[in-house]
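Below is one structure, written out as structure tokens; the observations come after it.
Residue numbers (the UniProt record's numbering): 1 to 323.
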């Protein structure tokens with residue numbers, strides 16, 4: 001949040017009726033200065049729960065921006081791939097909603113704010129037994145279940161086939177700027193330490209059941225696979241710009257998601273996207289955003305542009321200290 005907070009006013013003042021960012025040179029000059037100033041932020045540590053994240057180079061620092069008219073700028077470690085982790089959640093949610101409809105999604109996942117410190121046995125709304133939202137693990141696992149349940153009629157479909165479809169959607173979002181990758185090492189490490197996520201999945205099944213009685217292991221594998229998708233800030237900024245542009249990619253000018261789905265995703269990321277720092281982020285920045293424990297941050301400025309940062313050092317809320 002060290003970079004995004006001072007940039008918020010810059011973001012919102014960059015717009016006029018003719019060009020999204022008319023003075024691009026000044027805009028990027030200011031971004032360069034914010035980037036350099038943020039290098040002084042050396043607090044925080046890398047995520048410790050799996051070796052691949054723990055051993056990440058802590059001083060990596062990349063910033064990319066893409067406007068809804070296709071203007072682009074990057075500085076720093078912007079071609080270094082990283083696992084999306086929780087930044088995958090909004091797109092899994094969006095893809096499930098686009099395929100199954102808003103009513104079906106609302107039957108299984110609520111849209112109420114809640115952070116990551118909510119205990120597993122309290123990560124559901126009391127009246128409906130649904131996960132609070134699609135940004136907490138319980139909601140993201142359920143979204144993966146909704147998505148996987150739509151493949152149940154297809155014979156011999158594997159979790160990897162489903163994740164590959166989701167990767168294709170990420171590639172569309174970033175305008176085919178790069179093909180979204182996949183880290184099998186991340187997936188295997190995540191699965192080997194996924195005790196809490198297994199507990200959440202069984203809790204989901206025991207409370208309300210699973211959509212279309214989807215296979216629990218398949219659901220979890222899809223969730224963990226989504227977290228293991230890899231991108232760079234250069235590509236992710238285009239994906240963020242696509243969401244900021246109502247679902248239309250500024251590079252290809254093709255619709256990736258319907259506007260109603262994007263509206264729901266932006267609202268959800270606005271209120272729930274920054275773990276237990278979501279309220280503070282809303283007050284200080286006031287923009288839809290999603291963070292991940294790899295140190296990635298994706299910010300959408302609706303109608304203007306998308307913004308992506310990568311820096312592995314995390315603050316106490318689990319968000320990138322520099323981003």
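A virtual CB, placed ideally from N, CA and C, is assigned to each residue, including glycine.
* Length of the line joining the Cα atoms of residue 112 and residue 101 -> Stepping through the chain shown from its first residue, residue 112 is reached at position 112. Stepping through the chain shown from its first residue, residue 101 is reached at position 101. Taking the straight line from one Cα to the other gives about 19 Å.
* alpha helix (DSSP H) segment containing residue 75, residue limits -> Indexing the chain shown from 1 puts residue 75 at position 75. Unbroken run through residue 75 is the beta strand (DSSP E), 72-76; no alpha helix (DSSP H).
* Asked: Where do the ends of the beta strand (DSSP E) carrying residue 231 lie?
  -> Reading the chain shown from its first residue, position 231 is the one you call residue 231. Residue 231 -> beta strand (DSSP E) spans 229-231.
* Leaving out five residues on either side along the sequence, give the residues of the same chain with a beta carbon under 7 Å from the beta carbon of residue 108. => Locating residue 108 in the chain shown gives position 108, counting from the first residue. Same-chain partners within the cutoff: 130, 142, 146 and 211.
* To do: Give me the Cα-Cα distance between residue 57 and residue 63, rounded to the nearest whole angstrom.
  => The residue labelled residue 57 in the question sits at position 57 within the chain shown. The residue labelled residue 63 in the question sits at position 63 within the chain shown. The straight-line gap from Cα to Cα measures roughly 16 Å.
* Counting pairs of Cβ atoms below 8 Å between the stretch 61-77 and the stretch 298-308, do you hit three or more? -> yes
* Any non-hydrogen atom of the ligand SAH closer than 7 Å to residue 266 Cβ -> As presented, the structure is devoid of all ligands, the ligand SAH included, so that no description of it is given.
* Asked: Any idea if residue 20 is buried or exposed, counting beta-carbon neighbours within 10 angstroms, 16 or more meaning buried?
  -> Translated into positions along the chain shown, residue 20 becomes position 20. Looking at its Cβ environment, which holds 16 or more other Cβ atoms inside 10 Å, residue 20 is buried.
* Asked: What does a CB cutoff of less than 7 Å around residue 185 pick up in its chain, not counting 5 residues either side in sequence?
  -> Here residue 185 refers to the residue found at position 185 of the chain shown. The residues are 52.
* To do: Provide the residue(s) that pair with residue 300 in DSSP beta bridges, ordered along the chain.
  => Looking up residue 300 in the chain shown gives position 300. DSSP lists 306 as partners of residue 300.
* **Collapsed DSSP secondary structure at residue 132 in the structure displayed** => Stepping through the chain shown from its first residue, residue 132 is reached at position 132. Residue 132 falls in the coil class under three-state DSSP.
* With burial defined as no fewer than 16 other Cβ atoms inside 10 Å of the residue's Cβ, what is the status of residue 190: buried or exposed? -> In the chain shown, residue 190 corresponds to position 190, counting from 1. Residue 190 comes out buried.
* Asked: Looking at C-alpha atoms only, which residue of 256, 153 and 216 is the closest neighbour of residue 98?
  -> Your numbering for residue 98 matches position 98 in the chain shown. Of the listed residues, the one whose Cα sits closest to residue 98 is 256.
* To do: Would you kindly work out how many angstroms separate the C-alpha atoms of residue 68 and residue 91, rounded to a whole number?
  => On the chain shown, position 68 is the one that residue 68 refers to. On the chain shown, position 91 is the one that residue 91 refers to. Approximately 18 Å, taken between the alpha carbons.
* Asked: Comparing alpha-carbon positions, which option in 263, 38, 235 and 271 lies nearest residue 177?
  -> On the chain shown, position 177 is the one that residue 177 refers to. Closest option to residue 177, Cα to Cα, is 235.
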